[in-house]
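According to my numbering, the sequence shown holds residues 486 to 1206 in order.
Glycine included, every Cβ here is placed at the ideal spot set by N, Cα and C.
Every value quoted in this text rests on a predicted model; they were computed, and no experiment measured them.
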Amino acid sequence: MNNRIFEDEAAELLTKAYLPELMYEADSFRFKLHGAKTYFTNSLNLNPTNICENKCKLCAYWKDLDSEDAFHLDLNSAEEKLINAKKLGITEIHIVGGVTELCDLDYYEELFVRIEKNFPGLPIKALTAVEIDALSKRSGKTVEEVLVRLKERGLRVIPGGGAEIFSERVRKLICSNKISGKEWLSIHETAHKLGIFSNATMLFGHVEDIDEIVEHMSRVRELQDRTHGFQAFIPLPFHPHGTKLNIEIGPTGTEILRLTAVSRLFMDNIPHIRALSNYLDRKLLQVLMRSGVDDIGGTSFDERIALSAGASNQRRFSSLDEMKRFIEQLGLESRYVNSLYEPIWDEKVSSDFSEKSKAPVKFKFKNDIYESVRRKILDGKRISHYELIDLWNSTSFQKLGSLANIVRKQKNCPDRATFVIDRNISLTNICETGCSFCAFHVAPGAENGFLLSEDEVLEKIKNAENNGATQVLIQGGLNSDLSLSFFETLFRRIKSETRIWNHSLSPTEIVFLAKKEGITIEETLRRLKDAGLDSLPGGGAEILVDDVRKKISPKKISTAEWLSVMRAVHGLGMKSTATMVYGLGETIDDRVEHLDRLRELQDETGGFTAFIPWSFQSARTRLSREQETGVDYLKMVSLSRIALDNFEHVQAGWVTESPDLAQTALLYGADDFGGILMEEKVVRETGISYELDLGKLITLIKRTGMKPIQRTTLYEFVKEW
């Protein structure tokens, strides 16, 4: 960046800037400051108490003194935690708690002495400005005197907590008993003058407005201009769970990305932007790491505050190697540090600076291919196989998203996103193919196998219809107990007893039924259509390259068979969708070949309504693969939108990628949010269990600035929400 961003410009970036471009600029500035270096620590969160006199409405952690689940660690209990943490190789101890007379200045001085005894030389990061103010008032000493005494015991860094939003209006609503924003800044300024570093936070996504966000950041930046004592700025998304504020949904993915990117650009004098993994979905965190974030916090052993606000414990990193792999999977360089950002050389992190880390990071943006493809898109020309590969290999995901967004605008109204209210019904988990990538199937004869009856299926459909569903998707394993006549009877009942659209089965199941009956695919489909099948989902495509399919699902249908089923579906006047499951060990050339084959068939039939890509989820399967990143997902959505110029719609997949990332995909080429998917089971068997109801789906779309449009399976508009 050459020029400082002013307050009015920051407000405009927070409200009007095109998000992928904003993320690109923040990423570029991050690389200017740090290159590919991404910092992390091995941290113990030591919370001495949850008893707090302030009783802030924003906080789910505090308890009254007489509360059943209140706790206070005496010094011996606190030291026991320190002793137990020795085997973890801790490089940071983060101490914050409630404001209570049980934790006075003498308590913390002795605690710091015990930390030095157990972790000699470890720089202590402890006590928010709110806690320091309370210690000052309770001890009758000035803030400076308190800080001097604590520094003598080893205090080197003050966390940024308690800042929330500096606006007096906001603080009255969310933390009326806390110190003012002015007092918070004054305490940090005193610390900086004493040679104690600190961090700054901002809790956003509750009752503040844009001007109050910008004012908060501006006041932090002004202090940094004077003292240079802030090490990191940490935007914290508000989690409403368990708080006293009447807020149902906190900041969503696009809001978190936007504010974080602006933070990096605006906070031009603060070295680091940190995102705390405990508060964020892993895939969203990866995208943040390419949107201005260079620090992802630490392992946070024994963390309690985020958990009390509803954050999932699964988000916490369990080891240093896990954090290192997570960083390097994005092609970034992992830097293992302490709370002062001093490097730690520790064999426990695979010698930290591995050959992989030293390798140059290839994020160079090839302007020639970008401009060439951009011109072709604007001229309505098709992008070739090799151009698509070149785009993937040489264009940043943010720039790829910009290109995809041009196509999205050409195909669909730019200010709306569609969705369907539907129900997934897994008819059976018994399957003869036993694909290595599937966690849902069981072998015939297995004790945990199931097969729903007609009545059970109809009951689920009627329940869904009563809850507003317009579509049902019935799929299951290749179960020899299921015949074509079973489906004919079931589909006739669905058609006669409900008004729901029957979007069911898959090409794999169609081929299975045709072979079992000894009839053609066309005849099988004709009979199912006559019985009430309305359209066919695109499942079972995985990667439409036989070399890949033979490795992951040798008993499943071939590429040619999958395509022939879809050709026959379209020939009968029915519509279908198409999918891709990527991350199965295929190459980018394989992925583009998959897209080529779909594009060719669509040229021929025009029968596909939408394309849905999602990443392979390896947990609980026999196919061990590293999880694809959130950045990969946005790239795949974008590339698909650019490639499939004859598909009207590209769908975001929240079930595997998270609602926040699916929301972001709406700005990377996707125009459809898919469905509510009541009772989805197949993906859940891999351990992925995102939740999404109608209210949150509508909120996610609205917070992108788009209108939520409920649709039918064939993309007819039902209602604007």
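Could you please give me the residues that DSSP links to residue i through a beta bridge?
i            : result
residue 1112 : Its beta-bridge partners do not exist; DSSP assigns none.
residue 1047 : Residue 1047 pairs with nothing; no bridge assigned.
residue 958  : 909
residue 678  : Its beta-bridge partners do not exist; DSSP assigns none.
residue 1039 : DSSP output for residue 1039 lists no bridge partner at all.
residue 1020 : 988, 1060
residue 455  : No answer is possible for residue 455: the residues shown for the chain start at 486 and end at 1206.
residue 901  : 1192
residue 1067 : 1100
residue 1205 : 1194
residue 642  : 610, 682
residue 531  : 580
residue 719  : 686
residue 524  : 780, 820
residue 536  : 548
Quick one: is residue i buried, meaning 16 or more other Cβ sit within 10 Å of its Cβ, or exposed?
i            : result
residue 588  : buried
residue 534  : buried
residue 889  : buried
residue 871  : exposed
residue 1168 : Here the model assigns residue 1168 a pLDDT of 46, short of 50, so the residue's position is not dependable and the matter cannot be decided.
residue 898  : exposed
residue 1117 : buried
residue 895  : exposed
residue 1204 : exposed
residue 489  : exposed
residue 827  : exposed
residue 1198 : buried
residue 1106 : Because the pLDDT of residue 1106 is 49, which lies under 50, any placement of that residue in the model is unreliable, and the question is left without a value.
residue 739  : buried
residue 965  : exposed
residue 715  : buried
residue 867  : exposed
residue 713  : exposed
residue 1193 : buried
residue 1005 : exposed
residue 948  : exposed
Let me check understanding here. Comparing Cα to Cα, which of the options lies closest to residue i?
i            : options                : result
residue 429  : 1071, 1083, 1041, 1045 : With the chain covering only 486 through 1206, there is no way to say anything about residue 429.
residue 801  : 1151, 873, 787         : 787
residue 541  : 615, 866, 632          : 615
residue 1214 : 1111, 675, 754, 793    : Look at the range of the chain in this structure, 486 to 1206, and you will see that residue 1214 is not part of it.
residue 1009 : 1158, 1051, 506        : 1051
residue 558  : 593, 794, 1183         : 593
residue 509  : 859, 881, 581          : 881
residue 1033 : 1074, 1011, 999        : 1074
residue 610  : 1070, 785, 1091        : 785
residue 1029 : 1080, 1006, 748        : 1080
residue 1088 : 1097, 1195, 1130       : 1130
residue 1133 : 1102, 575, 701, 903    : 903
residue 748  : 724, 773, 949, 725     : 773
residue 636  : 658, 649, 612          : 612
residue 1114 : 724, 865, 664, 775     : 775
residue 1092 : 968, 806, 1057, 672    : 1057
residue 931  : 914, 577, 943          : 914
Mind listing, in chain order, the continuous alpha helix (DSSP H) runs of no fewer than 4 residues lying wholly within the region 1172-1201? 1179-1187, all fully within the region 1172-1201.
Please determine if the region 740-749 and the region 497-505 are in contact, where contact requires at least 3 C-beta pairs separated by less than 8 Å. Yes, the region 740-749 touches the region 497-505.
Touching by the beta-carbon criterion (3+ pairs, under 8 Å), the region 722-740 and the region 671-687: The way I'd put it, the region 722-740 doesn't touch the region 671-687; fewer than three beta-carbon pairs between them come closer than 8 Å.
Inter-stretch contact at 8 Å, needing at least 3 Cβ pairs: the region 803-821 / the region 522-530: Touching, yes, given that three or more Cβ pairs across the two stretches are closer than 8 Å.
Inter-stretch contact (C-beta, 8 Å, three-pair minimum) for the region 1119-1128 and the region 877-886: Short answer: they touch.
Can you find at least 3 beta carbon pairs, one from the region 558-567 and one from the region 593-609, that sit closer than 8 Å? Flag = yes, the region 558-567 and the region 593-609 touch.
Mind the definition here: the region 942-958 touches the region 907-917 only if three or more C-beta pairs lie below 8 Å; say whether that holds. Counting C-beta pairs with one atom in each stretch, the region 942-958 and the region 907-917 have three or more that are closer than 8 Å, which means they touch.
Within the chosen definition, does the region 647-657 reach the region 619-626 through at least 3 CB pairs nearer than 8 Å? Flag = no, the region 647-657 and the region 619-626 do not touch.
Do the region 628-646 and the region 672-682 touch if we need at least three Cβ pairs shorter than 8 Å? They touch, by the three-pair rule.
Curious, which full-length alpha helix (DSSP H) runs of at least 4 residues does the region 557-618 contain? Runs of the alpha helix (DSSP H) inside the region 557-618: 560-570, 590-603.
Whole alpha helix (DSSP H) elements within the region 755-840, 4-residue minimum: Here the runs fully enclosed are 767-773, 790-793, 805-813.
Contact between the region 754-766 and the region 777-785: three or more CB pairs below 8 Å? The region 754-766 makes contact with the region 777-785: 3 or more CB pairs, one atom from each, lie closer than 8 Å.
Is the region 985-995 in contact with the region 1008-1020, if contact means three or more CB pairs nearer than 8 Å? Flag = yes, the region 985-995 and the region 1008-1020 touch.
So within the region 849-897, which uninterrupted alpha helix (DSSP H) runs reach at least 4 residues, ignoring any that extend past its ends? Taking 4 residues as the shortest admissible run, the region 849-897 contains the following complete alpha helix (DSSP H) segments, listed from N- to C-terminal end: 852-863, 870-879, 882-896.
Which runs of the alpha helix (DSSP H) fall wholly inside the region 1122-1161 and span at least 4 residues, in chain order? Runs of the alpha helix (DSSP H) inside the region 1122-1161: 1139-1142, 1144-1150.
Would the region 548-558 count as touching the region 623-634 if we require 3 or more Cβ pairs under 8 Å? Not touching, per the Cβ criterion.
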